[in-house]
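**Q**
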Amino acid sequence: MRVFVYNLMFNKMGAVVRACRAIGAEIVNIDNEDIHKSIEHLVDSSKTAKPGMDCDENVSELLIFDGFTSDNLDDFLDAYKGTQAPPVAFKAMVTPVNLKWSPAYLYSHLKGEMGI
Numbered sequence: 061m062r063v064f065v066y067n068l069m070f071n072k073m074g075a076v077v078r079a080c081r082a083i084g085a086e087i088v089n090i091d092n093e094d095i096h097k098s099i100e101h102l103v104d105s106s107k108t109a110k111p112g113m114d115c116d117e118n119v120s121e122l123l124i125f126d127g128f129t130s131d132n133l134d135d136f137l138d139a140y141k142g143t144q145a146p147p148v149a150f151k152a153m154v155t156p157v158n159l160k161w162s163p164a165y166l167y168s169h170l171k172g173e174m175g176i
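The numbers in the working numbering rise by one with no breaks, and the one at position 101 of the sequence shown is 161.
1. In the DSSP assignment, what are the bridge partners of residue 68?
2. Looking at the structure shown, is residue 73 part of a helix, part of a strand, or coil, going by DSSP?
3. May I have a chain-ordered list of the beta strand (DSSP E) segments no shorter than 3 residues that lie completely inside the region 85-114?
4. Could you pull the start and end residues of the beta strand (DSSP E) that residue 151 belongs to?
5. Bridge partners for residue 123 per DSSP, in chain order?
Here it is in structure tokens:
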């Protein structure tokens, strides 16, 4: 299990660290140069870095969960909530559909789902 993180404020990052420790997940930072690469490349660096779906969206913050079951995700979210840190608005699990997307495109898609 891995949690890919992008651009989290210090208090939220600390909460993610504590939640990951509680459930045994690894944290992977998404660098600025990786925000437009495919999620598939992030989860398996042997894959091509060229995304199928990308955009020029400015990403505020993002969590991407790789290798999580729904129970694992519930455990992570409960542990995160227990830290009393502010919630991270934009988060998603890796799916077959979003593997070809860039994190920036995923963020844009999540914003659209939220009506923002």
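Don't be surprised by glycine CBs; every beta carbon is placed ideally from N, CA and C.
**A** In short:
1. DSSP lists no partner for residue 68.
2. helix
3. 86-89
4. 151-153
5. 65, 151
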